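The opening position of the sequence shown corresponds to residue 296 in the numbering used here, with each subsequent residue numbered one higher.
As structure tokens, the structure follows; a few thoughts come after it.
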Amino acid sequence: MMMMMIITKKKKKKKKKKKKKKKKKKKKKKNKKKKKKKKKKKKNRKNNKKEKKKKKKKKKKKKKKKKKKKKKKEEEEEEEEEEEEEEEEEEEEEEGEEEEEEEGGGGGGGGGGGGGGGGGGEEEE
């Protein structure tokens, strides 16, 4: 009889343990789900932050590129303007020289002294 009691007691203990385990498992499952959700949310937040940063960086890069392009364009325009001005100045100088030569030629026809003046113009070149 003593032995039987001990056996039953052991069985009871085992049953109780099993029940407790089951309950714990259920709780764990719930917690696991909650944890998973939390993890997912956290991951999402992190991802969103990363994406925002990337977008910001991209925008900044684009702005920088645009600025650079604009600057380059302005510099090219300035260079073109300078070249045009130089060409105009050269043309004006050439026209001025042509006018001087024409004037010198007119003087030469008038008298012998004028012809000498025309010769002087050639020496300048």
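All C-beta atoms, glycine included, are put in the ideal place defined by N, C-alpha and C.
It should be emphasised that the depicted structure is a prediction, and the values quoted were computed from it without experimental measurement.
Check your understanding: To which residues of the same chain is Lys363 closer than 6 Å at the C-beta, ignoring the five residues directly before and after it?
Key -> none
Practice item. In angstroms with no decimal places, state the Cα-to-Cα distance between Glu370 and Lys354. Key: 24 Å
Practice item. Would you kindly work out how many angstroms separate the C-alpha atoms of Asn326 and Arg340, rounded to a whole number? Key: 21 Å
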